[in-house]
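Enquirer: Encoded as structure tokens, here's the structure I'll be asking about.
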Amino acid sequence: ILNVEQSPQSLHVQEGDSTNFTCSFPSSNFYALHWYRWETAKSPEALFVMTLNGDEKKKGRISATLNTKEGYSYLYIKGSQPEDSATYLCAFGGSNSGYALNFGKGTSLLVTP
Amino acid sequence: DSGVTQTPKHLITATGQRVTLRCSPRSGDLSVYWYQQSLDQGLQFLIQYYNGEERAKGNILERFSAQQFPDLHSELNLSSLELGDSALYFCASSSGSAVEALHFGNGTRLTVT
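Quick note, the sequences are listed as chains S and L, same order.
Under my numbering, think of the first position of the first sequence as 1138, with each following residue one higher.
Under my numbering, think of the first position of the second sequence as 47, with each following residue one higher.
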């Protein structure tokens, strides 16, 4: 089992605050790093798939960076809105695990008005 | 709508019983993944199939088995059920490459009493 760690476990911010979370993963046999957003009572939805060291992806107010050499990725949300409240999951794909994705436990974000 | 269909939505059964969960992948996707989400746990990878063949195996118990059929739908069989098997079981599909995002079904909520 490949260890994928996410921090913090939960976060409570005010509307308008910017925030960021961390995903740590094994730095060897790296193939891909995924970010998903999981709203209550729904299924996870993909935000980003990142493959290259130094990769940066952006979708609206949400962006992510990737450092494969040291084994971490950051997810940033600028100007958080209540609709950003969700659990954010990262998943690591390794070349020695059949490319299956192993998920972290997620960061639960609550944005209050 | 992710295009991934899981049935049933809910299942309540007794200890010792056997159940089958079904998943139809998104049109065009060749790979199916099964994940288990228990209370306070992240998404635990169980098994991955690609075009009918098992590709990767995760933390799947011997009492559990799965297969992918020629029409690409997949079934997850859980036998000799225990209380601890109560969980949300997700199926996801993709083209099979770790650089492609997973598309998740809505999950099957299994309750073992």
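Where a beta carbon is used, it is the ideal one built from N, C-alpha and C, also for glycine.
Return no unless some Cβ of chain L is closer than 8 Å to the Cβ of L1203/S.
Expert: no
Enquirer: On the DSSP bridge list, what partners appear for S1230/S?
Expert: Per the sequence shown, residue 1230/S should be read as Gly rather than Ser. Beta-bridge pairing links G1230/S to A1169/S and L1238/S.
Enquirer: When you compare the CB of A133/L with every CB in chain S, is at least one pair closer than 8 Å?
Expert: Not one chain S Cβ lies under 8 Å of A133/L.
Enquirer: Is the distance from the Cβ of Q63/L to the Cβ of L107/L below 8 Å?
Expert: no
Enquirer: Compare the C-beta of G1216/S against all C-beta atoms of chain L and say whether one is closer than 8 Å.
Expert: no
Enquirer: Between Y1213/S and the rest of its own chain, which residues show a CB-CB distance below 6 Å, the 5 nearest in sequence each way excluded?
Expert: N1157 and S1200
Enquirer: When you compare the CB of S1164/S with every CB in chain L, is at least one pair closer than 8 Å?
Expert: Answer no: the Cβ-Cβ gap between S1164/S and chain L never drops below 8 Å.
Enquirer: My output table needs one value for E1152/S: the three-state DSSP class, helix, strand or coil.
Expert: In the three-state reduction of the DSSP assignment, E1152/S falls in the coil class, being assigned neither a helical nor a strand state.
Enquirer: How many angstroms separate the CA atom of G142/L from the CA atom of Y1211/S?
Expert: 25 Å
Enquirer: Using the Cβ count rule (16 or more neighbours within 10 Å means buried), how would you classify N1239/S?
Expert: Label assigned to N1239/S: buried.
Enquirer: Run through chain L and tell me which residues come within less than 7 Å of N1239/S, C-beta to C-beta.
Expert: F91
Enquirer: I want to verify the contact list: residues of chain S whose CB lies under 7 Å from the CB of V145/L, in sequence order.
Expert: In chain order: A1169, V1186 and T1188.
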